[in-house]
Amino acid sequence: MTPKPSRLLEIYDITDNRKDYPSSRIPSYELFELTFQVKHEGAINPYLPYIEIPSSGGEKDLGISVDASFTQDNWKTVYKQPAFYYQEFEEQVKDGREWFYPTGKASWKVRFSPNQAGLWQVKLTARDASGVVETNSISFNVVPSSSHGFIRVSQADPRYFEYDDGKYFPALGYNLNYRNLDWINP
1 MTPKPSRLLE IYDITDNRKD YPSSRIPSYE LFELTFQVKH EGAINPYLPY IEIPSSGGEK
61 DLGISVDASF TQDNWKTVYK QPAFYYQEFE EQVKDGREWF YPTGKASWKV RFSPNQAGLW
121 QVKLTARDAS GVVETNSISF NVVPSSSHGF IRVSQADPRY FEYDDGKYFP ALGYNLNYRN
181 LDWINP
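Okay, so the sequence shown: first residue is 1 according to this note's numbering, each after it adds one.
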């Protein structure tokens, strides 16, 4: 079923963190973060996700869902990442108790770490009971980095972990005697 377009939803004020990196290019495996606002009138409770067909016990059509779709190969492979509602807080301690006070305007954010160098694209999609809205694609450049990549189960031996580039990752538990551990052959 094709979702209906919504005139009640709008994604606007989109900014990103490219300026935090040299030449505004994101190193692979580093954080790319989008910050934006969403105008919505179809969501009764914007803190809940939009659920069109709920499972037992859930209520439908109450919330809003915002997702980002990332691609590096012209939409053949798509990585979906959910966005989240974000509010800065100021922490204060009064009478030995912690208090948190909201500061600034709340916003939506999505965070992603691209795993390959090259030109990437991202689109934002918002859904609520009024329908769906999608932004135009935003392009950003990713450059190689010295990072070993994400951690995964070793392809050579599933008892161990390794980085994307195959380098061994010593996943130590708190109960291990790390000072006396043979790091080459644990």
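Glycine included, every Cβ here is placed at the ideal spot set by N, Cα and C. Since we're looking at a predicted model, the values are computed, not measured.
Residues bridged to residue i [DSSP beta-bridge criterion]
{"i": "serine 145", "result": "BP columns for serine 145 are empty, so no partner."}
{"i": "glutamine 92", "result": "Trp99"}
{"i": "lysine 37", "result": "It should be noted that the sequence gives glutamine, not lysine, for residue 37. Its beta-bridge partners are Tyr12."}
{"i": "alanine 106", "result": "Looking at the DSSP assignment, alanine 106 forms no beta bridge with any residue, so it has no partner."}
{"i": "glutamate 162", "result": "Arg152, Tyr168"}
Where residue i sits in the DSSP three-state scheme
{"i": "lysine 19", "result": "helix"}
{"i": "serine 24", "result": "helix"}
{"i": "proline 114", "result": "coil"}
{"i": "glycine 63", "result": "coil"}
{"i": "glycine 131", "result": "strand"}
{"i": "serine 154", "result": "coil"}
{"i": "threonine 77", "result": "coil"}
{"i": "glutamine 72", "result": "coil"}
{"i": "alanine 126", "result": "strand"}
{"i": "isoleucine 53", "result": "coil"}
Rounded separation between residue i and residue j - CA only
{"i": "threonine 35", "j": "serine 107", "result": "7 Å"}
{"i": "tyrosine 82", "j": "serine 24", "result": "It is proline, not tyrosine, that sits at residue 82 in the sequence shown. Cα to Cα, the separation comes out at about 24 Å."}
{"i": "lysine 167", "j": "aspartate 73", "result": "26 Å"}
{"i": "glutamate 41", "j": "arginine 7", "result": "9 Å"}
{"i": "serine 147", "j": "glutamate 98", "result": "37 Å"}
{"i": "threonine 77", "j": "tyrosine 163", "result": "22 Å"}
{"i": "arginine 127", "j": "arginine 18", "result": "27 Å"}
{"i": "threonine 15", "j": "glutamate 52", "result": "29 Å"}
{"i": "leucine 9", "j": "tyrosine 86", "result": "18 Å"}
{"i": "arginine 111", "j": "threonine 71", "result": "14 Å"}
{"i": "aspartate 95", "j": "phenylalanine 161", "result": "46 Å"}
{"i": "glutamine 155", "j": "tryptophan 75", "result": "28 Å"}
{"i": "alanine 129", "j": "aspartate 13", "result": "22 Å"}
{"i": "arginine 159", "j": "lysine 105", "result": "46 Å"}
{"i": "isoleucine 44", "j": "aspartate 20", "result": "36 Å"}
Beta-carbon gap between residue i and residue j smaller than 8 Å
{"i": "isoleucine 11", "j": "valine 133", "result": "yes"}
{"i": "tryptophan 120", "j": "phenylalanine 100", "result": "no"}
{"i": "isoleucine 64", "j": "tyrosine 50", "result": "yes"}
{"i": "serine 145", "j": "proline 27", "result": "yes"}
{"i": "tyrosine 29", "j": "phenylalanine 150", "result": "yes"}
Supposed contact pair residue j and residue i - C-beta distance, whole angstroms, cut 8 Å
{"i": "glycine 118", "j": "valine 142", "result": "6 Å"}
{"i": "serine 113", "j": "phenylalanine 32", "result": "7 Å"}
{"i": "threonine 103", "j": "glutamate 90", "result": "5 Å"}
{"i": "leucine 124", "j": "alanine 171", "result": "Actually they do not touch by this definition, with Cβ atoms about 35 Å apart."}
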